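Using numbering that gives the first Met the number 0, the first residue of the sequence shown is number 0, and each one after it goes up by one.
Glycine included, every Cβ here is placed at the ideal spot set by N, Cα and C.
These figures come from a predicted structure and were not determined experimentally.
Notes follow once the structure below has been shown.
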Amino acid sequence: MEHRSERREFLRKAAWGGVGWLILRNSRSAWSYQANEKLNMAFVGAGGRGGGLVNEFSDLGENVVALCDVDEQRAAGAFKRFPEAKRYVDFRKMLEEMEKQIDAVVVATPDHTHACASVMAMELGKHVYCEKPLTWSIYEARRMREVALQKKVATQMGNQGTASGGLRQAVEVIQAGAIGKVHEVHVWTNRPIWPQGMERPTETPPVPPHLHWDLWLGPAPYRPYHPAYLPFNWRGWCDFGTGALGDMGCHTMNLPVMALRLHQAVIEGKTIFVEAVSSGCNGESYPKWAIVRYSLPARGDLPPVKLVWYEGGQKPPAYLLEGQEMPSSGSLLIGEKGMLFSPGDNGSSWRLLPAEKFKDYQPPAPT
């Protein structure tokens, strides 16, 4: 509980400290831009995935005006490509100094700092594109939603599969009744592809000169630097990442969530039963493998459904795919009339099973 209180206090200070009181004198509505008008973009996280997003938004024609990264070595590529962009290591200073020059902010940092940067940007009236998973905790997600609604800013979570036509088509196929009422779902991933199930390291090597360790930690409780945490493996540590389920569930589970309106159970305040088995938890890092079973109640005219999540090499029974090759990641929705199978991480491709039964099936026109 103390750990979460520390995070909440950091989030509150990030949102309200320094420049949080400013009235948005020069902020423009997300809907007031002309079609050919460019956005002035600031980036919190400019290396790794953040570096890719810098390039993608630039290629779309937007202006890259500020780059912030606590690891100056990993961000070197973005710094070199955009020499005119102002450079920062602390997003709070960037937002304070560049408030009048920024229209939108992209947040592509480790999970534990998503909310801090996003909330502060939205409090200043800046539109936000935040990488998945949206936040480290449920509280942070609720806080981000509150601020986005209050400030009336445009927001989006980075989720490539959901932005694809294939996933949206699969959702419409399910909702059109192609496989009938769905009562069972299986979702699996090849993650973690980083270490999990380990104890905290005891060594205290020196902090690399290019890394601002205190800023990287952000709202997390202090611990000495160790290369076991970054640049990639923070995903497996409880203080920084959200494990395989948090990292990939937002991709692979989104097709059934959207198609079956699973979120409606939460909106309606209904009870969802969850049980899990795993390799074991130590409080420091996530399990090496896990199977999580969700029992969701009826939602409107949709029947109750059981959803099973598999990670760390666990998979559903092979016979369910009726001879189809079992991929390393995927989802399977089982209905009264058949099944929808989506191989891969993000739901962008799909097929109906049994194949012979649906060989002449034509999906509905997009709505």
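Contact check, L214 vs V88 under 8 Å by CB: the rounded distance? 6 Å
Among the candidates K37, V43 and R73, whose CA atom is the shortest distance from the CA of P208? R73
Is the beta carbon of G242 closer than 7 Å to that of F309? Checking the sequence shown, residue 309 turns out to be Tyr, not Phe. In this structure, Y309 keeps its C-beta atom at 7 Å or more from the C-beta atom of G242.
Just grab the DSSP bridge partners of D70 for me. L210
Euclidean distance between Cα positions of D102 and A84: 14 Å
Could you check whether E130 and A107 sit closer than 7 Å to each other, using their CB atoms as the reference points? yes
Would you kindly work out how many angstroms separate the C-alpha atoms of K125 and L229, rounded to a whole number? 29 Å
Can you tell me the Cβ-Cβ gap for G160 and D344, rounded? I've got them flagged as a contact below 8 Å. 7 Å
Leaving out five residues on either side along the sequence, give the residues of the same chain with a beta carbon under 6 Å from the beta carbon of F340. L331, R350 and L352
In whole angstroms, give me the CA-to-CA distance for G245 and T366. Between the C-alpha atoms of G245 and T366 there is a straight-line separation of about 30 Å.
Identified DSSP bridge partners for F81: None, per the DSSP bridge assignment.
Measure the Cβ-Cβ separation of G164 and Q195 and say whether it is below 7 Å. no
Three or more C-beta pairs under 8 Å: does that hold for the stretch 269-284 against the stretch 181-188? no
Apart from the five residues on each side of it in sequence, which residues of its chain come closer than 8 Å, Cβ to Cβ, to W288? S277, S278, E310, G311, G312 and Q313
Between L66 and A75, how many whole angstroms is the CB-CB distance? I'm expecting something under 8 Å. About 11 Å separates the two Cβ atoms, so there is no contact after all.
Less than 7 Å between C-beta atoms, sequence neighbours within five positions excluded: which residues of the same chain meet that for L94? Only V18, M119, A120 and L123 meet the Cβ criterion.
Alpha carbon to alpha carbon, how far is V127 from A354? If you draw a straight line from the Cα of V127 to the Cα of A354, it comes to about 42 Å.
Evaluate R144 with the Cβ neighbour count: other Cβ atoms within 10 Å of its Cβ, from every protein chain shown; 16 or more gives buried, anything less gives exposed. exposed
Residues near V152 in its chain [Cβ-Cβ closer than 6 Å; skip 5 each side]: Result list for V152: M121 and H126, in chain order.
In terms of residues, what are the limits of the alpha helix (DSSP H) holding P220? Element bounds for P220: n/a, residue is neither H nor E.
Q168 - containing alpha helix (DSSP H), residue span: G164 to Q174
Measuring only the C-alpha atoms, how far is L38 from E61? 5 Å
In its own chain, which residues sit with a C-beta less than 6 Å from the C-beta of V172, not counting the 5 before and 5 after it? Counting only Cβ-Cβ distances below 6 Å, and skipping sequence neighbours, we find P362.
Distance, F357 Cα to I290 Cα: So the two alpha carbons sit approximately 31 Å from each other.
Leaving out five residues on either side along the sequence, give the residues of the same chain with a beta carbon under 7 Å from the beta carbon of V69. V88, L210, H211, L214 and W215
For H113, count the other beta carbons within 10 Å of its own beta carbon; 16 or more makes it buried, fewer makes it exposed. Which is it? buried
Nearest by alpha-carbon distance to G48: which of P82, M325 and P109 is it? A quick correction: the sequence has Arg, not Gly, at residue 48. For the residues P82, M325 and P109, the minimum Cα distance to R48 belongs to P109.
Alpha helix (DSSP H) segments (min. 4 residues) lying fully within the stretch 258-293: 262-266
Neighbourhood of I192 by C-beta distance below 8 Å, restricted to the same chain and skipping five residues each side: none
Between P255 and P82, what straight-line distance do the alpha-carbon atoms span, to the nearest angstrom? 43 Å
Give the straight-line distance between the Cα atoms of S294 and A264, rounded to the nearest whole angstrom. Computed Cα separation, rounded: 11 Å.
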